[in-house]
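Novice:
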Amino acid sequence: MHRTHADLIQLLVRKNIIKNERIKTAMLATDRLDFSTDRLYEDAPQPIGYNVTISAPYMHAYALEMLHDKLIPGACVLDVGSGSGYLTACIARLIQPNGKVIGIEHIPELVQLSIKNISKNGRSLFDDGILEIVSGDGRLGYSQGGPYDAIHVGAASTNRPNELIEQLKPGGRLVVPVGVGSQKMMIYDKTNDGHDIHERATLGVSYVPLTDKSKQWRH
Numbered sequence: 001m002h003r004t005h006a007d008l009i010q011l012l013v014r015k016n017i018i019k020n021e022r023i024k025t026a027m028l029a030t031d032r033l034d035f036s037t038d039r040l041y042e043d044a045p046q047p048i049g050y051n052v053t054i055s056a057p058y059m060h061a062y063a064l065e066m067l068h069d070k071l072i073p074g075a076c077v078l079d080v081g082s083g084s085g086y087l088t089a090c091i092a093r094l095i096q097p098n099g100k101v102i103g104i105e106h107i108p109e110l111v112q113l114s115i116k117n118i119s120k121n122g123r124s125l126f127d128d129g130i131l132e133i134v135s136g137d138g139r140l141g142y143s144q145g146g147p148y149d150a151i152h153v154g155a156a157s158t159n160r161p162n163e164l165i166e167q168l169k170p171g172g173r174l175v176v177p178v179g180v181g182s183q184k185m186m187i188y189d190k191t192n193d194g195h196d197i198h199e200r201a202t203l204g205v206s207y208v209p210l211t212d213k214s215k216q217w218r219h
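What follows is the structure, encoded as structure tokens:
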């Protein structure tokens, strides 16, 4: 385990997982100390309660790299299954000063926890209107905040999530784990004319499934 957050981020740079300097800066500014209490700087997922984990740092880095050319100042972004709020805060730092990211989480207690986490060192992200966390079923997206330049999903869809794809702007991108059992991180790009979707599979992953609140509580 690494002694500091900076050590952890530097490891991700050395492994060539973080390639973009802007992503390095955003992740350095978002210390896992504010979002987890156990094995803070281990490159592995950690439980945060409510049958939810904070993803491993390398998966946060991969997600940001897959979206990096969409996460620019002024972008409109949706983070489905925002959980601890860590990735949502990183996105907010990439799209400031005039962008907007909405994290949607179906467990109200996690909504409040994530707001508390982010506010420790990022209260201005809320105050400046860059970041918002809402309670709701992220499988349906959040159409009232869209359309979006980028959508990230932090849990696995069983198949192609067309409802989320519909909420992309022309030229927008969705990054989401897809599959049952064997999963792939999928990238869906909407063409600039908005008429077509180009999809490609990237790395194999293992995420909890997108589910409703009652099923998650029973696990």
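Sequential numbering from 1 applies to the sequence shown in the working numbering.
Each residue gets a CB set at the ideal place from its N, CA and C atoms; glycine is no exception.
Given the structure is predicted, the values throughout are model-derived calculations rather than measurements.
1. Quick check: what's the CA-CA separation for I107 versus G141?
2. Since S157 sits in a beta bridge, which residues does DSSP pair it with?
3. Pull up the CB-CB distance for I17 and K24, whole angstroms please, since I reckon it's below 8 angstroms.
4. Just mark E105 as buried or exposed, buried being the case when its beta carbon has 16 or more other beta carbons within 10 Å.
5. Less than 8 angstroms between C-beta atoms, sequence neighbours within five positions excluded: which residues of the same chain meet that for P170?
6. Smallest Cα separation from L11: which of A56, Q46, P47, P177?
7. Is the separation between the beta-carbon of L82 and that of I48 shorter than 8 angstroms?
8. Taking the DSSP output, what are the residues bridged to K15?
9. Hey, out of Y62, V111, Y148, Y86, whose CA is closest to G99's CA?
10. Give me whichever residues DSSP pairs with H234 in a beta bridge.
11. Tell me the rounded alpha-carbon separation between R218 and M185.
12. Near T4, which residues of its chain fall below 7 angstroms by C-beta distance, leaving aside the five closest residues on each side in sequence?
13. Which runs of the alpha helix (DSSP H) fall wholly inside the region 65-105 and span at least 4 residues, in chain order?
14. Does the beta-carbon distance from G145 to L78 come in below 8 angstroms?
15. On the criterion of 16 or more Cβ atoms from any shown chain inside 10 Å, does V180 qualify as buried, or is it exposed?
16. Which residues does DSSP pair with E132 in a beta bridge?
17. According to DSSP, is I187 helix, strand or coil?
18. Nearest-angstrom Cα distance between R139 and I72?
19. Roughly how many angstroms lie between the CA atoms of G129 and Y188, to the nearest whole one?
20. In this structure, what does DSSP give as the bridge partners for Y148?
Specialist: In short:
1. As a first step, residue 107 must be located in the sequence shown, where it is residue number 107. As a first step, residue 141 must be located in the sequence shown, where it is residue number 141. Rounded to the nearest angstrom, the two C-alpha atoms are 15 angstroms apart.
2. Locating residue 157 in the sequence shown gives position 157, where the first residue counts as 1. As DSSP reads the structure, S157 sits in a beta bridge with V178.
3. As a working note, residue 17 is residue 17 in the sequence shown. As a working note, residue 24 is residue 24 in the sequence shown. So it is not a contact: roughly 10 angstroms between Cβ atoms.
4. Taking the sequence shown and counting its residues from 1, the one referred to as residue 105 is at position 105. Buried, because 16 or more other Cβ atoms sit within 10 Å of the Cβ of E105.
5. Position 170 of the sequence shown, counting from 1, holds the residue named residue 170. Residues of the same chain with a CB within less than 8 angstroms of the CB of P170, apart from the 5 flanking positions on each side, are K190, T191, N192, D193, G194 in chain order.
6. In the sequence shown, counting from the first residue as 1, residue 11 sits at position 11. Nearest to L11 by C-alpha distance, out of A56, Q46, P47, P177, is A56.
7. The residue you call residue 82 lines up with position 82 of the sequence shown. The residue you call residue 48 lines up with position 48 of the sequence shown. Checking the displayed sequence, the identity of residue 82 turns out to be Ser instead of Leu. The answer is no: Cβ separation not under 8 angstroms.
8. Within the sequence shown, the letter at position 15 stands for residue 15. BP columns for K15 are empty, so no partner.
9. As a first step, residue 99 must be located in the sequence shown, where it is residue number 99. Taking only the C-alpha atoms, the option nearest G99 is Y148.
10. Since the first residue shown for the chain is 1 and the last is 219, residue 234 is missing from the structure and cannot be characterised.
11. On the sequence shown, residue 218 is found 218 positions in, with the first residue counted as 1. On the sequence shown, residue 185 is found 185 positions in, with the first residue counted as 1. The predicted position of R218 is uncertain, since its pLDDT is 47 and thus under 50; a value taken from the coordinates is nonetheless stated next. For R218 and M185, the distance between alpha carbons rounds to 26 angstroms.
12. As a first step, residue 4 must be located in the sequence shown, where it is residue number 4. Hits under 7 angstroms: Y41.
13. For the region 65-105, whole alpha helix (DSSP H) runs of length 4 or above, ordered along the chain, are 86-95.
14. Residue 145 sits at position 145 when you count from the first residue of the sequence shown. Residue 78 sits at position 78 when you count from the first residue of the sequence shown. Result yes, Cβ atoms of G145 and L78 sit closer than 8 angstroms.
15. The residue labelled residue 180 in the question sits at position 180 within the sequence shown. If you draw a 10 Å sphere on the C-beta of V180, you find fewer than 16 other C-beta atoms in it, and that means exposed.
16. The residue you call residue 132 lines up with position 132 of the sequence shown. DSSP lists I102 as partners of E132.
17. On the sequence shown, position 187 is the one that residue 187 refers to. Strand at I187.
18. Here the question's residue 139 lines up with position 139 in the sequence shown. Here the question's residue 72 lines up with position 72 in the sequence shown. Roughly 25 angstroms between the two C-alpha positions.
19. Residue mapping note: residue 129 aligns to position 129 of the sequence shown, counting from 1. Residue mapping note: residue 188 aligns to position 188 of the sequence shown, counting from 1. Whole-angstrom Cα-Cα distance: 27 angstroms.
20. Position 148 of the sequence shown, counted from the start, is the residue given in the question as residue 148. Beta-bridge annotation (DSSP): Y148 is paired with L168.
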